[in-house]
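Written below as structure tokens is the structure these notes are about.
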Amino acid sequence: MIEKETLSKVVGARHVSLGPAALEAYSADVSFVNSVRPACVVRPKNAAEIGEIVRLANETRTPLVPVSSGPPHFRGDTVPGTGGAVVVDLSRMRKVVFVDRPRRVAMVEPGVTFGALIPQARKKGLRLNMPLLPRMTKSVVGSLLEREPVTMPKYQWDISDPLACTGLFFGNGDVFRTGQAAGPGTVEEQWKVGGMQKAPYGPGTASWHRLIQGAQGTMGIVSWASLRCELLPAIEEPFVVNAPEPGPLLEMARWLIRLRAVNECFILNDTALAVIGADPWPGGYERLRKSLPPWTLFYTVAGYEYLPEERVGAYLEDIAPLAQRLGLQPSRTAGDLSSGDLLKTVQGPSPDPYWKLRPRGACQDVFFLTTGDRLADQIDRMARLAGETGYPASGLGVYLQPVVQGTGYHCEFHLFYDPGDARERECVRTLSSKATRVLLDRGAFFSRPYGETAGMVFNRDAASVAVLHKLKNIVDPNGIMNPGKICF
Amino acid sequence: MALSREIYSAFEDVVGREHISDDPAMMPAYHQVQFAAIVLPENTAEVQAVVRLCNRYTLPFQAVCTGWTGAFPKDILYIDLRRMNRIVEINEKGMYAVVEPYVITAQLQAELFRRGLHMNLKGAGSNCAAMLRGHGHLDQTTSGDDRNHLAIEWVTPAGDIVRSGAAGSTGAWFCGDGPGPSLRSILTSAVPPGVTPGVFTRAAIKLYHWPGPVQFPIQGVSPKYTLRQVPPNFMARYYSFPSVEKMWRAEIKLGENEIAFELMGFNVSMVASNITTSNEEDEKVFQQMQGEVQGPGFFVILAGNSAADFAYKKKVLDQIIRENDGRSLKSVEDPEVEGILLCQCIRVTASIRETFRAGGAFSSIPVMGQRDLTIRWAVGAGRAKEPLIAKGLIVDDGGAFFGWGVEQGHLGKTEIFCKFDPANPKAKEAVERWQKEQSERAFVERYFAMTMGPQDAVGPALANYHLWWRKVTEAIDPNHVSPEAGALV
Amino acid sequence: MGLEQYKGDMAMCCRCSCCKFIPLQRVEGHPYSTVCPSIARFDFHAYSGGGRLNIGTAMLDGSLEYTDKLLDIVYNCQMCGACGVSCNYAMDMQVQEPINEIRIRCVGDGKTHPALDGAIRRLRKQGSMVPASGPRGAWASGLGLKNIATARADVLLHVGCLTSYDKSRHALARAAAKILRKGGVDFAIAGDDEACCGGRAYQMGYERDFLRQARKNMAMIKKAGVRTVVTACADGYQAFKVLYDKYGLKKDLEVLHITEYIDRLLQSGELRLRRSVDLAVTYHDPCRLGRLGEPWIHWEGKKMPGDRFVFDPPREYRRGTFGVYEPPRNVLRSIPGLRLSEMTRIKEYAWCCGAGGGVLESNPEFALWTARERMEEAASTGAAAIVTACPWCEKIFRHAAASSGCGLEVYDIVELVARAL
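Protein chains in written order, with the numbering used here: chain A, 1 to 488; chain B, 489 to 977; chain C, 978 to 1398.
Put into structure tokens, the structure is as follows:
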């Protein structure tokens, strides 16, 4: 364990916390992982401090748990897996380093939230390809590293998007920069000639950033990340399409993305959409939910700098026969909700309280990647499992997000529950575990396994795990980075 | 060094007598290298068995697809993947195809066209393996480098079969990342240095919408294939600009507004190569085109999903070109030439005519990444060619560089090369010096670092990636049976 | 000068593998995208066109010794020229010529194949590439055709060894004669005195034997005052038209394939096809009528100094552009009731029948494999029959049809024309 005094010398005594309240805050989260108290919490201000912490951790074999987002946490990855851990809270590192319009890229420190970055991007005529309604305290870097799905699949060319480059310390303390940022020269020297840390691959032929993503802090600590931005449209036309079943909506979404006709594109069931759109809360929830169709597809058609109305007009002309062929009717309203209001809502973070906490106070997500042909079965299975476990199927939120330009779908079930009700809690815990097992068998790919169910996912692919262990041993030979997470 | 009878027989037992040879008569065709033997496995199980034997006998190996150019040490086992040539799956709804190593792009693309789909083409040519990481003419809308791979099946140097992403967990090919960190971090290309040890035996690649015909309406006889008509909602043009700055402005605007299906920063030398059927004709047409262009330029293909889409894109293209004082090359407006270029730049890609037909040698500096940055560097590298051209040491291509946008201009590729007579020692020396100086300038001025040369020289300036990579290869190839080697495609 | 004159060409090979496939923009799918039977069957790169050029380079620099495997590579090639066509779409370099020279060099060095030696022994002894039984001119019995030994004619119908000596093919020769007669052509035959053209001997690498036959034929032609040779055999066509010209023997002789002649007659109205032939067919382009049948280009010059592989005067390449593709198709389209559909691999990038290059003799199994691939492709068009314009193609196709049970009928084009008269 690193001595408090030593840590204080690195970050300043003010930013080292050992008090019970501070430790308690990091010892558990909304998920079902076992509660484990950290030994202390440190809050570094810059990369040099991070580097020193990692060095000290190696010397003393102290586990480190990097945290970039503010609470509440949901996945269990920020709760220590073993005792004696030091939580490295990166929320003090809140600098938006740059937003560069010509190269459509921004660089941020880990503590920067979506709420902080979005207006800065807007000022430069840019926008982010962001996840659906992240909480106010969600770190942009955290989201990128988690490979969270984004709402504009057209602009997600690769599953690692929109992440560009990172600056980090590997678990062994070595500093590293991924992608174009690696060199030559420092980042500042690169800026002088106009290098803006945009290209994610390399250095060399490896794509090191892919090793850091999805790692839940087990490979190292990121001190900054650059991310690809998109242009702010000149005009946006949002639409919703209603249907009793998701099938036709999936087919329509597939073609909208294939033709690159739409920006935002996702599907929500009535529960999830009502939770998101209800205003006021909670009074408006039931009314809205009753007005909504079982399933809603949301998309926007946008025009940019040149002849935006004509562009939108051309796309709408192409979309009309597509919808007709599927027996669907794009409109501006889903029940009592307007597509315009929904667009405004999803282009920013979730206002407080975080939308997933609104219905019951807590939420366990079951999410995975899958293909369109398996979704109907997986959704049906989940509904049946919910029933069997005593969870009301009508209470399930469902979010379907096409990913990587339509090569797959992120499917997310929201299990809302009252954390104060032991029965509800146990029901959701059981359902979550059961669902993971059953859906695994039904072709669900849990690419980002968290918490209690991670083990059963990794056990399915021993060959990949064997390689991951080799890589882990290289970058974190002392095993100090978030031990007990994913397969380590 | 010949394999012992015992070892040879062991491999024979795996692939069959017909599919292994160590006869000296074979070797000239295999990069003029004396390999221990050449084996032709038929499937992943055979590859695994071969690799395991290599471990047992500590026999280094290297697996190759079509094997276009290459650098190999001698006395290793050459695993020729030619018999693994199946298209395993085309998933139209999932927008991916799963292929074995020896499916060439032209084959897969033709199958995809029938389904209204297409894929990224390697700039080297559609004679290249479809599954290889690469970049090419269509990157503007079909991405490039390692960003088109989904799941990959990999026989590790130790002889384990690893399937990345969903393929390892659920048997599906649509995702190659996870669970947890992605193994695609280390599953790299076939181009040394930095080749992943082991053998890629299958890969899923991303597909894209194809708004064109099931087949191009080709007419004529080789070497002059033309199109009976330019397909509806398609157009190809070449635009030149008065300056690099204006060219770049037009290029980035086209990207930001998502106009071009293909945006290829050709120079006219390359346009001429593509449309001509002999070196002599090439030279004549190049001289004529040189007189017509006003400066650097690019080649654009528009492809509309519909008439409305095409009309919009054309309008915007015209406006952007006008705003940047661009000028259309008249020769390309000729529908016959337009058709040839459509075919060359979508179905074939041009590399052989551009790069190899004239003969001689060329030395190039290619770089992927942030395009405006690399263009700035390339302008200087082009100027540095001028004295060599003046002395007649290299071919006069106007000092040109080329490149293209990737992912609607988010990324890009820039390349510049010198063509010269390798039998002329002064030319060879001058080109080597030019290459060294320009690479060093790129490094010193912080544009980029060439990672294709000696790794120890450049690695320290790039976060010591070379040392990390060595650790990776050491960890996954403990018996050192998968040495650094490979072929371009 | 032999192989040495192609040293620069062989060095130009960049190993792009285009020689294994049909021209890339002609690829219509995974099936029927390959064009070289040799590498398609044997898989090692050495069996490809490019691989052969690499071997040629090694032979010249003395780094390669003869082994059984080398001879296996050399002789398992139909010498069909497809590799060259695919290569020369993009590249300016000789491909087929150095491959020819490699074969000739092997024979010159005494590295022959026993089956081919046998065929050549027969040629030397019997004047035929097939076992000669009975008089060569027996097919013409009872037709009352002119013989150039005794009568004057501008046009000589050269029948060829296979058709002459294989009784089952006499009907083809008789059909050809009937067609010409019907078209009012004043022609003669050489009958028993007809000499083998030597074309297949050349393909096999026996250059001297070929030249002996060529000189013999040209002497006879000159003596008879013949101006035009017409033949229904693609090997013969290529021999007279291209090879004799290559060696400076052809002079002003006009050489036509029977399909060219029929096409001409149809266009001038001297021949009409009135009878309906109700058949769905697909047409196979014989290699030596098609891509290898284009005229020889006489060129002399030298490489210009410098980096470019260019010559003074500019060197023209035979890229398969001017082979005989349309006349047979025109003829087929002129037959009432006949429906023609095309395979994927046609014209300059047609798949070989398998019988050329001595392969039929030295490796009949490989020849048959090649033919079966072609039959499968033919069947895929939905046609009921495959029609070709060379007895060697027709022979191997019949064998392939019988052994594979594919149900396709096999015709020589003259049979169908004769039916339509």
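Idealized CB from N, CA, C, for every residue including glycine.
Counting only C-beta atoms, is residue i closer than 9 Å to chain B at any point?
i: Ala22 (chain A); result: no
i: Ala121 (chain A); result: no
i: Asn1124 (chain C); result: no
i: Phe1187 (chain C); result: no
i: Val1062 (chain C); result: yes
i: Ile1050 (chain C); result: yes
i: Gly195 (chain A); result: yes
i: Val457 (chain A); result: yes
i: Ala1023 (chain C); result: yes
Quick one: what's residue i bridged to in DSSP?
i: Val398 (chain A); result: A:Phe413
i: Trp224 (chain A); result: A:Gly167
i: Ile567 (chain B); result: B:Val527 and B:Ala551
i: Phe485 (chain B); result: Residue 485 (chain B) is absent from the structure shown; chain B starts at 489 and stops at 977.
i: Arg815 (chain B); result: B:Ser728
Where does residue i fall in DSSP's three states?
i: Thr1259 (chain C); result: strand
i: Gly406 (chain A); result: helix
i: Ala551 (chain B); result: strand
i: Lys907 (chain B); result: strand
i: Leu342 (chain A); result: helix
i: Leu307 (chain A); result: coil
i: Cys363 (chain A); result: strand
i: Ser994 (chain C); result: coil
i: Val241 (chain A); result: strand
i: Lys741 (chain B); result: helix
i: Val820 (chain B); result: helix
i: Phe368 (chain A); result: strand
i: Asn573 (chain B); result: coil
i: Thr1321 (chain C); result: coil
i: Gly83 (chain A); result: coil
Using a beta-carbon distance below 9 Å, is residue i in contact with chain A?
i: Met735 (chain B); result: no
i: Met856 (chain B); result: yes
i: Met607 (chain B); result: no
i: Phe931 (chain B); result: yes
i: Met583 (chain B); result: yes
i: Trp892 (chain B); result: no
Are the C-beta atoms of residue i and some chain C residue less than 9 Å apart?
i: His519 (chain B); result: yes
i: Ile575 (chain B); result: yes
i: Tyr496 (chain B); result: no
i: Trp698 (chain B); result: no
Return the Cβ separation of residue i and residue j in integer angstroms, given the expectation that the two are a contact with Cβ distance under 8 Å.
i: Ala39 (chain A); j: Val86 (chain A); result: 6 Å
i: Leu548 (chain A); j: Val150 (chain A); result: Residue coverage of chain A in this structure runs from 1 to 488, which leaves residue 548 (chain A) outside it and unanswerable.
Check the Cβ-Cβ distances between residue i and every residue of chain E, and say whether any is below 9 Å.
i: Gly1297 (chain C); result: No chain E appears in the structure shown, which is made up of the protein chains A, B and C.
Exercise. Okay, do the stretch 326-344 of chain A and the stretch 32-50 of chain A touch, 3+ Cβ pairs below 8 Å being the bar?
Worked result: no
Exercise. Is the stretch 776-783 of chain B touching the stretch 702-710 of chain B, taking contact as three or more C-beta pairs under 8 Å?
Worked result: no
Exercise. Should the stretch 451-471 of chain A be called in touch with the stretch 666-684 of chain B, which here means at least 3 C-beta pairs below 8 Å?
Worked result: yes
Exercise. Would you call the stretch 675-695 of chain B and the stretch 570-585 of chain B in contact, with 3 or more CB pairs under 8 Å?
Worked result: yes
Exercise. Quick one: any contact between the stretch 1344-1353 of chain C and the stretch 1026-1038 of chain C, if contact means 3 or more CB pairs under 8 Å?
Worked result: no
For this session: Count the CB pairs spanning the stretch 1266-1277 of chain C and the stretch 1322-1340 of chain C that are closer than 8 Å, and state whether there are at least three.
Result: yes
Exercise. Can at least three beta-carbon pairs, one atom from the stretch 939-951 of chain B and one from the stretch 166-185 of chain A, be found at a separation below 8 Å?
Worked result: yes
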